[in-house]
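>
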Amino acid sequence: MRRRVGILGGMGPEATVLLMQKVIAATAAADDADHIPLLVDQNPQVPSRIARLIEGKGADPGPVLVEMAERLVAAGAEALAMPCNTAHHFAPQIASAVEVPFLDMVALSVAKARERAGAGGKVGILASPAIRRVGLFDAALAQAGLEAVYPDDEAALLAAIRQIKAEGPVALARTTLASASACVLAAGAQVQLIACTEFSLISSALPEDVRPIDTLDRLVAEIIRFSTGHSRQTPTRPAIGTAAHRSGAVSPKNKSDQQGKEITPC
Numbered sequence: 031m032r033r034r035v036g037i038l039g040g041m042g043p044e045a046t047v048l049l050m051q052k053v054i055a056a057t058a059a060a061d062d063a064d065h066i067p068l069l070v071d072q073n074p075q076v077p078s079r080i081a082r083l084i085e086g087k088g089a090d091p092g093p094v095l096v097e098m099a100e101r102l103v104a105a106g107a108e109a110l111a112m113p114c115n116t117a118h119h120f121a122p123q124i125a126s127a128v129e130v131p132f133l134d135m136v137a138l139s140v141a142k143a144r145e146r147a148g149a150g151g152k153v154g155i156l157a158s159p160a161i162r163r164v165g166l167f168d169a170a171l172a173q174a175g176l177e178a179v180y181p182d183d184e185a186a187l188l189a190a191i192r193q194i195k196a197e198g199p200v201a202l203a204r205t206t207l208a209s210a211s212a213c214v215l216a217a218g219a220q221v222q223l224i225a226c227t228e229f230s231l232i233s234s235a236l237p238e239d240v241r242p243i244d245t246l247d248r249l250v251a252e253i254i255r256f257s258t259g260h261s262r263q264t265p266t267r268p269a270i271g272t273a274a275h276r277s278g279a280v281s282p283k284n285k286s287d288q289q290g291k292e293i294t295p296c
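Per our numbering, residue 31 is the first one in the sequence shown, and the count goes up by one each step.
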C-alpha cells in the first residue's frame, strides 16, 4: 500500500505540476497501483508571499495555507508537502494546525548540502529575496556548520521569478539565474541550493562547475520515501526563533518564529 501525500500547491502552478511529474518519473512502477497517491490543492489564490515578506503589505498567506492543509487532511492526506520554498516561512502554522507530518523541504535540502559541502563549506542560495529577508535557511545551515552565500543582485532574481510566473521559463530568466549562480560560485560556493521552485523549471541554466541541489528534488525523494514506507532518519533543523529543533517531517503542534544569522554576499 502507498500512503497518500497532500500537496499545498499553486505557488506557482507550473512548479506544482513539475513536482507531480518528478514524483511520477522517480517512482519505480510496473503498474498504475505502484505510483504515489497525491491529493493536490492547486490554489493560485494564496496571498503573495513576496508582497507579505518583502514589501510588508498584502494579506497573510498563513491562514490560507492552514485551510488548505486542513482540507487535504480531511480528504485523507497522511502527510503534507509544499513545493514553495518561500511559503516554508509559514510551515510552523501549518504543522500546528494538523495531526500529520509536514515534509520540510528546508531541512531535507540542508541535510543534502551538508553531505555535499562538508563542515565549514559555503552554500549558495538561489532564491527569492524573501528567503534571505526572513533567514529561512540560515539557522539550519549554521547548525550544519555551513555558510550561506547569496547573490548580490536580488532585484534581478525577483524580476526573473515574476517573469517565469507570467511568461514561463524564458531565456532572459535563464540568463539571470546563470549570472546569479556564477556570482556565488566566484565567492566559493560550488554547492548551490535551487531554492525557488520557479528556478527548478530552469535549473539546467546553472554553470557546469556548480554542484546544484534542487530543493524540489529533495522534497520529491521524501514524498516517495514517506509514501512507500522506506524508513530512514529524517534531518533536523532549528525551530524558528528558538534553540529547539524540528525534523524534516515537522512535528504537528510545533510553533516558532524565524531566527537568522550573518550571511555572506557574493
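Glycine included, each C-beta is placed from N, C-alpha and C at the ideal position.
This one's a predicted model, so the numbers in the text were calculated from it and none came from an experiment.
Return helix, strand or coil for Ala217, following the three-state DSSP convention.
In this structure, Ala217 counts as coil in the three-state DSSP scheme.
> Do Thr116 and Ser158 have their CB atoms nearer than 9 Å?
Taking 9 Å as the Cβ cut-off, Thr116 and Ser158 qualify as a contacting pair.
> What's the C-alpha gap between Ala121 and Phe132?
If you take the alpha carbons of Ala121 and Phe132, they lie about 8 Å apart.
> Below 9 Å between beta carbons: does that hold for Val221 and Gly154?
Closer than 9 Å, so yes.
> So if DSSP puts Ile243 in a beta bridge, which residue, or which two residues, is it bridged to?
Paired residue(s): Leu223.
> When the Cα atoms are used, what is the spatial distance from Ala59 to His65?
Using only the alpha carbons, I get a separation of about 6 Å.
> Could you check what DSSP says for Ala279 in three-state terms: helix, strand or coil?
Only weak support is given to the placement of Ala279: the predicted model assigns it a pLDDT of 48, under 50, and the value that follows is read from those uncertain coordinates. Correct three-state label for Ala279: strand.
> Does the beta carbon of Ala212 sit closer than 9 Å to a beta carbon anywhere in chain B?
Within the model displayed, chain B is absent; a lone protein chain is all it includes.
> Just to confirm before moving on: does the CB-CB distance between Ser139 and Pro181 stay below 9 Å?
No; because the gap between Cβ atoms is not below 9 Å, this pair is not in contact.
> My guess is that Asp71 and Leu102 are in contact by the Cβ rule of under 8 Å, so how many angstroms apart are they, rounded?
That belief holds up - the Cβ atoms of Asp71 and Leu102 are roughly 6 Å apart, short of 8 Å.
> Which residue or residues does DSSP assign as beta-bridge partners of Ile155?
Per DSSP, Leu223.
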